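Numbering (this note's numbering), first residue to last: 886 to 1198.
For glycine and all other residues, C-beta sits at the position ideal for the given N, C-alpha and C.
All values derive from a computational prediction rather than experimental measurement.
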């Protein structure tokens, strides 16, 4: 087994304060998420978190790394690539500052509450940068579902979209198609890199579905969450400001590897499978705490003293 240069230490998740617990989704919020496939939190992340992460962004875009991951078919923009959209995966494994969001317990707690699970583990994370005044054909993220890219998971995954600044509609925020998580015929929509955002509406209409796009125009500190079956993407950034976001994908505590044949041969795999320990059957262990750390666990919270959120890093 290979090892990540930055291994995330196995440690109990940090409990929430009483003030943070009061911000968790209510029963009505959970029902809304189950009906619509998305949810927007109140402001839950303090400014100090963003100061830390933006320092990491500055270092990261200067080319600094605390560690590197062997390159093999994962998004890792470089200065020699086109600058219309920068997509970097697994950034919390390459730069410690990003762990302030990727390992943040309130993100895990909200995700667990929305999906009616007791615990959440980190699955993967990205840093996505959209430069200002983007080209319509190049500055977009195509319509897709997260399930289409992680069908080898046998349980719940949920994504938290964390913008690093206030985001309005002109900046090309995440857009979720309301209620689309219930449309089984579109659960494997795999068009992340397809710039055509207009044809989906006619495809949905042909299937008797109505397209209701919901832009996640939210304030810094808020987080939007979406179901792994929800169709989502984003339009160009037409503003005069960069749009930077750090999406965090979470798995529930019961998730395990699901062997799905790859038409190209073998099985579909997560890029980080090579770094985690193996189960007795040879499958990757998605509970390996050094690669897929536990960031929220209700039982741990109940028996641990409360500490401040800023101690995550």
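Since residue 1007 and residue 938 should fall inside the 8 Å C-beta cutoff, what is the C-beta to C-beta distance between them, to a whole number of angstroms?
Between residue 938 and residue 1007 the Cβ distance is about 15 Å, and since that is not below 8 Å, they are no contact.
Give the list of continuous beta strand (DSSP E) stretches no shorter than 3 residues that lie fully inside the segment 1130-1163.
Qualifying beta strand (DSSP E) stretches, in chain order: 1133-1137.
Check whether the Cβ atoms of residue 1059 and residue 1046 sit closer than 7 Å, and answer yes or no.
The answer is yes: Cβ separation under 7 Å.
What would DSSP say about residue 908, mapped onto helix, strand or coil?
Coil, per DSSP.
Could you check the C-alpha separation between residue 1149 and residue 909 for me, to the nearest Å?
Approximately 43 Å, taken between the alpha carbons.
If you follow the alpha helix (DSSP H) that residue 1004 is part of, which residue opens it and which one closes it?
Here residue 1004 belongs to no alpha helix (DSSP H); instead the beta strand (DSSP E) covers 1004-1015.
Of the choices 1004, 991, 1147 and 978, whose alpha-carbon is the least far from that of residue 1033?
The candidate whose alpha carbon is nearest that of residue 1033 is 1147.
Thinking C-alpha only, which one of 1152, 1140, 1154 and 914 is nearest residue 1171?
Of 1152, 1140, 1154 and 914, the residue nearest in Cα terms is 1140.
Is it a yes or a no for the segment 984-997 touching the segment 946-957, going by three-plus beta-carbon pairs under 8 Å?
These segments do not touch.
Throw me the rounded Cβ distance for the residue 1030 and residue 1092 pair, which I believe falls under 8 Å.
About 15 Å; that fails the 8 Å criterion.
Thinking just about the alpha-carbon of each residue, which of 1108, 1090 and 1128 is nearest to the one in residue 927?
Of 1108, 1090 and 1128, the residue nearest in Cα terms is 1108.
Classify residue 1085 as helix, strand or coil using the three-state DSSP reduction.
Helix at residue 1085.
CB residue 1016 to CB residue 1125, shorter than 7 Å?
No; because the gap between Cβ atoms is not below 7 Å, this pair is not in contact.
Please list, in chain order, all residues of the same chain as residue 1152 whose beta carbon is under 8 Å from its beta carbon, the five residues on each side excluded.
Once the five neighbours on either side are set aside, the close Cβ partners of residue 1152 are 1037, 1144, 1145 and 1146.
Rounded to whole angstroms, what's the CA-CA distance from residue 1199 to residue 1169? Just pull it up for me.
It is not possible to answer for residue 1199, since the shown part of the chain is limited to 886 through 1198.
Only counting the same chain, and skipping five residues up and downstream in sequence, which positions put a Cβ closer than 8 Å to that of residue 1122?
1015, 1016, 1017, 1018, 1019, 1024, 1055, 1056, 1057 and 1128, listed in sequence order.
Near residue 1078, what residues of its chain come up, given a Cβ to Cβ distance below 7 Å and the 5 sequence neighbours on each side ignored?
Hits under 7 Å: 1027.
May I have the straight-line CA-CA distance separating residue 919 from residue 947, to the nearest angstrom?
The straight-line gap from Cα to Cα measures roughly 41 Å.
Who are residue 1182's beta bridge partners in DSSP?
According to DSSP, residue 1182 bridges with 1004.
Which residues share a DSSP beta bridge with residue 974?
According to DSSP, which records beta bridges pairwise, residue 974 is partnered with 1011.
Would you kindly work out how many angstroms separate the C-alpha atoms of residue 1070 and residue 1098, rounded to a whole number?
Taking the straight line from one Cα to the other gives about 18 Å.
Are the C-beta of residue 923 and some C-beta of chain D separated by less than 7 Å?
Reference to chain D is not applicable here, since this structure consists of a single protein chain.
Our contact map puts residue 1004 next to residue 1179 with C-beta atoms below 8 Å; I'd like the distance itself, whole angstroms only.
Yes, residue 1004 and residue 1179 are in contact; Cβ-Cβ is about 6 Å, under 8 Å.
Output needed for residue 1194: all residues of its chain with C-beta closer than 6 Å, excluding positions within five of it in sequence on either side, in chain order.
In this predicted model, residue 1194 has a pLDDT of only 35, less than 50, meaning its place in the structure is not dependable; the value taken from the coordinates is given anyway. None.
Under the assumption that residue 1105 contacts residue 935 (Cβ atoms under 8 Å), give the Cβ distance between them as a whole number of angstroms.
At roughly 6 Å, the Cβ-Cβ gap stays under 8 Å, so residue 1105 and residue 935 are in contact.
Apart from the five residues on each side of it in sequence, which residues of its chain come closer than 7 Å, Cβ to Cβ, to residue 921?
1063 and 1064.
On the CB-based measure, 16 or more other CB atoms within 10 Å of its CB, does residue 993 come out buried or exposed?
Residue 993 should be labelled buried.
Taking just the CA atoms, how far does residue 930 sit from residue 900?
When rounded, the distance between both Cα atoms is 14 Å.
Tell me the rounded alpha-carbon separation between residue 834 and residue 1183.
For residue 834 there is no data in the structure shown, the boundaries of the chain being 886 and 1198.
Taking the alpha-carbon positions, what's the residue 1035 to residue 1137 distance?
Whole-angstrom Cα-Cα distance: 13 Å.
Pick from 1185, 1053, 1100 and 1131: whose alpha carbon is nearest that of residue 973?
Of 1185, 1053, 1100 and 1131, the residue nearest in Cα terms is 1131.
What did DSSP end up calling residue 969 once you bin it into helix, strand or coil?
DSSP places residue 969 in coil when its eight states are reduced to three.
For residue 1048, does the three-state DSSP call read helix, strand or coil?
Strand at residue 1048.
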